[in-house]
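A short worksheet on the structure shown next.
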Amino acid sequence: MFDGADALLLARFQFAFTVSFHFIFPAFSIGLASYLAVLEGLWLKTGKVLYLNLFRYWLKIFAIAFAMGVVSGIVMSYQFGTNWAVFSDKAGPVIGPLMAYEVLTAFFLEAGFLGVMLFGMEKVGKKLHFAATCMVALGTAVSAFWILSVNSWMQTPVGYELGANGQFLPGPSWWDIVFNPSFPYRLVHTVIAAYLTTALVVGAVGAWHLLRDRTNLHARKMFSMAMWMAALVAPVQIFVGDLHGLNTLEHQPAKIMAMEGHFESHPEGAPLILFGIPDSEAKTVRFAIEIPQLGSLILKHDANAPMAGLDTVPADEHPPVGIVFWSFRIMVGIGFAMLGLGVWSLLARWRGKLYDWSWLHRAALVMGPSGFVAVIAGWVTTEVGRQPWVIYGLLRTADARSPIAAPAVATSLIAFIVVYFAVFGFGTWYILKLMGKPPRPHETGVGGAPIRTAGITPGPTQNPGGSGPLPGGEEER
Amino acid sequence: MDLTVLWAFLIAFAVFAYVVMDGFDLGIGILFPRFAPGEERDQAMNAIAPVWDGNETWLVLGGGGLMAAFPLAYAVILPATYPLIVAMLLGLVFRGVAFEFRWRDPAHRKYWDFAFFAGSLIAALAQGMTLGALLQGIEIEGRAYAGSWWDWLSPYTLLTGVGVVAGYALLGACWLVWKTSGSAQGHAYRLAVRAAIATLVLLGAVSLYTPFLDAQYFQRWFTMPSFFIASQVPLLTAITAFLLFRSLAKRREAAPFFLALALFLLGMAGLGISMWPYVVPDTLTIWDAAAPERSQVFMLIGIAITLPLILAYTGWAYWVFRGKVGTEGYH
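Going down the list, the sequences are from chains A and B.
For reference, each letter of the first sequence is one residue, going 1 to 477 in our numbering.
For reference, each letter of the second sequence is one residue, going 478 to 808 in our numbering.
Pasting the structure below:
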C-alpha cells in the first residue's frame, strides 16, 4: 500500500506542516517582545501610564503566543531525528553545535526571564523588570540568529569537510560556517519580516478600536506606532529582499529561475513575468503577462544581460516551479501592499487625519494577518526552491530521511494536524478575544491579581508606575 | 581528559537537570486530578507557572545537545522510539498551553485541566518508555535504525514507563509540600507517601529486571569486583528512602523534595553503571557516536561561558518566586 516515495512525501509534508505552524508564533513573538520592551521603556522614561496600559494589554497576548511558540518549537527540535535521521547523522557535527548554541544563548535566556516578565513586576521592581523584558526580547532575536544560520548553511553550505563515514565535518573555521554566504541576508530579511508582521497586527488591533471609538487614546497610540513602523520599514524590507534575491541568484540560480518562471535561457536579456501559469511538463509559463528585459534589469542591473534558464539545469535538479513561482508572487505582492499602507498612513498623518480616515483603518484591519501570509509564502519560496536538495548541491532530500515506514509517518502526521488545529485554534481564538477588547485605563497584568507569597505583601510603594493598586479580580477569570 | 567522556557527562547532566526540573512540574500535572478544583488546583498551578518554560528548555538542550555531541545516537534512537517521541511531544503541547488557556477560558477550564493532566501523564510515560527502549537495546545496521516501528513495546518498557510516572509524581508531590499551604499541602503529604511507595516498588522491579535483559548488565551488577561499587547504589537508595519517609512523617517542608531528588540521582547512577560506556547498549559506544573534536571544542566554549550564567539567572528566577504560593491565583 505504501512505499518509500510515500514515506518521503509524508515526512516532507510533516516537516513543512510543523515548521510552518511553528513559525507563525516566533514571527509574532520576535516583534512583539521588542515592542513590549519599547513600551515599557517609554513608560519608564516618560512616566505615562498609557504606555504601561499598552504594555500590560499586549503582555497578555504575548503570554499566549509565546506558550504556543514554545510547545511547537520543542516539536521541531525532535523532528530532525524522528523523520530525518540520515540528515541528522550526516549534518549533525556541523549544524548540531549551532542549534546547541541557540538553546544555550537564546532559549534559556527567554525562558529564564519570561516568568519574571509575566509575573514578577511586584517582586523585582520596575527597573529589574524592564531588564527582564529586554532579556526576553534579546533572546528571541538571538534565537533567530542561530536558527537562520543553520538554515542558511543548508542553503549555502561552506566551511565543511567530508568525513570518511559520510558525515559533513566542520572545517577549521566556525566563522565561515556560521556566517555562510546567504546568512546575513536571510537574517535581516527574516527579522524585519517579524517586525513588520507584528506592526501589522498591532496596527490592525489599533484600527479595530479606532473604528469603534476614534477618541480611544490607547488605540490611537498603538495605531500610530504601528503605521510608523510600516511606513519606515516596509521600503527597507523591499530593498533587503532585493539584495537577498541577488545573493540567491549568485548561490542558488535554479531557485531564482523557478521564482521567475524562467524555463528557457534568455541570451538577449530576460523579461519579468508578472503573472502566468507555470507548466513544468511543457516547460513553459502559459498565459504569461511579461515586461520585456525587466527581469535582467532587476537581477543583473542591465536590461540586456543574458540570463540562464532551467534548460541549463539537469531535469532531476529542478525545484517545483509552480509552487515557488506563486509563493514568491504572494510574498512580493503583500510586501508592496504593506508599502502602500505605510505611504497612505503618512499621507493621513501629514493631513492630520491619521485617526479619522476610516478607510485607512479598514485597510489596516484587513492587512492585519497579511504579515503571517507573507512570511509563510517567503519560507515556502526559499525551502521549496532549494529542492531537490536538503543540503544544497550535496545531499538530496530523498536520501536524508529516516528508515521509518509510511504508516508511522502518516499516523503521526494526522496526529500533528488534528492536535495543532485544535490546540492552536483555541489559542488563536483566545488571542482574538483579548484583541477584541479595548485597552483600559487600568489595564491589569497577565494575572488580574499579583502572585503573593507568604511574607511578601506588595504595599502601595511596591506597586509600579503610580498606576494605583492593581485592580485584582477585575480581570476576566 | 577525553572530550567525548566529558560530553557524555554533560549530556547526562542536561538529562538530570531536565528530570529534576520538569520532573516535578510534570508530576504536578500527573497528580492534578487528585486536587480539588478551585483553590487547590490554582495553588498547584501557581507553584510552577513562572518556571515551567525554563524547565522544559532542558529537554531541548538534551535533544539538541545529543544531536550536536552524539549525532549518530540521535539519528538512531529517535527513529527507534518514533511513536514514543511523537506522543511525548503532543503531550507536552497539551500541557504547555494549558498553563495559559485554563485562565483565559473559565467555561472550558475543566477540559484544559484534563489536558494538563493527560499531557503530563503521556509525556512522562513516553519518556520512561523511551529510557526502557534504549536499555533493552536497539537494532542497528550500518548507521541506521533497522527495526520496526513497534520494537520499543515490551513488558520492560511498560515497567520503566510507569516507574518514571510514579517518580515524577513523587517529585511533584514533594514540590507542592514545599510550595503550598493549607488543604493543598495536607493533600500533597498524603500523595507524596503513596507516590514514594510506588516509586520504590517500581524502581526495585526495574532494577531486578534490568540485569536479566543482557548478560553484560548482569556482569556489571553481580560479579566481583564491580559488585562492590555497584552494590553501594541500592544501599544508598535504601537509606535515602528511609530518610524520605521519616521527613514526610515529621512534616518537614523542603527535605522531602531534596530526598526525592537524591533517589533520582541514585537511579541515574545505576543507569550509568549499566550503560557505560555505551550510548546505545551493546551496539554504540560514546566514541562510536561522538561528533568530531572541532564540534566538541566549539560547543564546550559555549557551555563554559553560558552554563554558569544560565544556572545563575535560573536560580535567580526561582529565588524571585520563592516561598509559598498564595491561594489567590495570579491570573
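Backbone N, C-alpha and C fix where the C-beta goes; we use that ideal spot for every residue, glycine too.
Got a sec: does the ligand MG put a non-hydrogen atom nearer than 7 angstroms to the Cβ of residue i?
i	result
A552 (chain B)	This structure simply doesn't include the ligand MG, nor any ligand for that matter.
At the level of alpha carbons, what is the spacing between residue i and residue j?
i	j	result
I488 (chain B)	V537 (chain B)	11 angstroms
F722 (chain B)	L569 (chain B)	31 angstroms
T428 (chain A)	T312 (chain A)	46 angstroms
A160 (chain A)	Y755 (chain B)	For the record, residue 160 (chain A) in the displayed sequence is Tyr; it is not Ala. So the alpha carbons of these two residues sit roughly 28 angstroms apart.
R452 (chain A)	V802 (chain B)	Low per-residue confidence applies at R452 (chain A): pLDDT is 33, beneath 50, and the placement is therefore not dependable, though the value from the model is reported in the following sentence. If you take the alpha carbons of R452 (chain A) and V802 (chain B), they lie about 6 angstroms apart.
A377 (chain A)	M331 (chain A)	6 angstroms
L299 (chain A)	M257 (chain A)	11 angstroms
V384 (chain A)	Q613 (chain B)	40 angstroms
V797 (chain B)	G125 (chain A)	11 angstroms
G500 (chain B)	Q155 (chain A)	38 angstroms
I17 (chain A)	R329 (chain A)	This sequence places Phe at residue 17 (chain A); Ile is not what is there. When rounded, the distance between both Cα atoms is 21 angstroms.
R214 (chain A)	D356 (chain A)	7 angstroms
S631 (chain B)	L608 (chain B)	12 angstroms
S34 (chain A)	C651 (chain B)	38 angstroms
P388 (chain A)	I95 (chain A)	20 angstroms
V292 (chain A)	T248 (chain A)	Going by the sequence as given, residue 292 (chain A) is Pro instead of Val. Between P292 (chain A) and T248 (chain A), the C-alpha separation is close to 22 angstroms.
L128 (chain A)	K45 (chain A)	14 angstroms
L360 (chain A)	P369 (chain A)	16 angstroms
L602 (chain B)	R349 (chain A)	58 angstroms
V642 (chain B)	A199 (chain A)	44 angstroms
L413 (chain A)	P407 (chain A)	10 angstroms
A454 (chain A)	K656 (chain B)	Confidence at A454 (chain A) is low in this model, with a pLDDT of 32, below 50, so the placement of that residue should be treated as unreliable; the coordinate-derived value is given next. The alpha-carbon atoms of A454 (chain A) and K656 (chain B) are separated by roughly 10 angstroms.
L743 (chain B)	K221 (chain A)	57 angstroms
P26 (chain A)	F424 (chain A)	14 angstroms
L395 (chain A)	V205 (chain A)	45 angstroms
A485 (chain B)	R667 (chain B)	38 angstroms
Quick check on this structure: which residue in the options has the alpha carbon closest to the alpha carbon of residue i?
i	options	result
G261 (chain A)	A:P172, A:W326, A:R212	A:W326
F13 (chain A)	A:P253, A:A398, A:L187, A:G371	A:A398
N523 (chain B)	B:L648, B:E577, B:Q613, B:M701	B:E577
S265 (chain A)	A:L310, A:M259, A:A234	A:L310
P320 (chain A)	A:M331, A:S280, A:G335, A:A305	A:S280
L736 (chain B)	B:L653, B:F719, B:D628, B:W580	B:F719
A144 (chain A)	A:L360, A:A11, A:F23	A:F23
F571 (chain B)	A:A408, A:L339, A:V71	A:V71
G573 (chain B)	B:P556, B:Q693, B:Q709, B:I599	B:I599
A513 (chain B)	B:E770, B:H664, B:L740	B:H664
A111 (chain A)	A:A132, A:V236, A:F25, A:L211	A:A132
V38 (chain A)	A:F25, A:L9, A:L59, A:L187	A:L59
Y51 (chain A)	A:A305, A:F130, A:G81	A:F130
S751 (chain B)	B:G800, B:P688, B:F734, B:G515	B:P688
Y790 (chain B)	A:S77, A:V86, A:T105	A:T105
T82 (chain A)	A:L36, A:L8, A:F108, A:L42	A:L8
Taking C-beta pairs closer than 7 angstroms, name the residues in chain A that residue i reaches, listed in chain order.
i	result
A524 (chain B)	Per Cβ cutoff of 7 angstroms: no residues; A524 (chain B) is ~10 angstroms from chain A at best.
P641 (chain B)	According to the sequence provided, residue 641 (chain B) is Val. The question's Pro does not apply to it. Per Cβ cutoff of 7 angstroms: no residues; V641 (chain B) is ~18 angstroms from chain A at best.
G573 (chain B)	A67, V70, V71
Using a Cβ cut-off of 7 angstroms, pull out every chain B residue sitting near residue i, in sequence order please.
i	result
S88 (chain A)	M544, P548, Y551, A552
I74 (chain A)	E533, L536, V537, L566, L569
For residue i, which beta-bridge partners are listed by DSSP?
i	result
H209 (chain A)	Partner(s): none; H209 (chain A) has no beta bridge.
L563 (chain A)	Nothing in the structure corresponds to residue 563 (chain A), since chain A is present only between 1 and 477.
E317 (chain A)	Answer is none; E317 (chain A) lacks a bridge partner.
D279 (chain A)	A:T284
I617 (chain B)	B:Y622
Y755 (chain B)	B:T762
H266 (chain A)	A:M307
Chain B partners of residue i, CB-CB under 8 angstroms?
i	result
A405 (chain A)	S625, W626
W412 (chain A)	Per the sequence presented here, residue 412 (chain A) reads as Ser, with Trp not at that position. Correct list: Y559, P560, V563.
L104 (chain A)	L538, G779, I780, T783, L784, I787
What in chain A is Cβ-close to residue i, meaning under 8 angstroms?
i	result
I562 (chain B)	Y78, G81, T82
D502 (chain B)	Residues of chain A passing the Cβ test: none, with the nearest at roughly 12 angstroms.
Which residues of chain A have a Cβ atom closer than 9 angstroms to the Cβ of residue i, listed in chain order?
i	result
P702 (chain B)	Neighbours of P702 (chain B) on chain A: none; closest Cβ ~36 angstroms, over 9 angstroms.
F578 (chain B)	I64, A67, V423, F426, G427, Y430
Below 9 angstroms on C-beta distance, what does residue i contact in chain B?
i	result
L114 (chain A)	P527, D530, G531, A794
P388 (chain A)	Residues of chain B passing the Cβ test: none, with the nearest at roughly 21 angstroms.
Legend entry - Segments assigned alpha helix (DSSP H), at least 4 residues, entirely inside the region 340-427 of chain A: 358-366, 370-386
Inset, instruction - Could you pull out every unbroken beta strand (DSSP E) segment of at least 3 residues lying fully inside the region 123-181 of chain A, listed in chain order? - result: 160-162, 168-170
Legend entry - Complete runs of the alpha helix (DSSP H) confined to the region 762-800 of chain B [at least 4 residues]: 763-766, 770-797
Legend entry - Sequence ranges, beta strand (DSSP E) only - wholly within the region 14-53 of chain A, length at least 3: none
Legend entry - Segments assigned beta strand (DSSP E), at least 3 residues, entirely inside the region 666-731 of chain B: none
Inset, instruction - Mind listing, in chain order, the continuous alpha helix (DSSP H) runs of no fewer than 4 residues lying wholly within the region 591-664 of chain B? - result: 632-656
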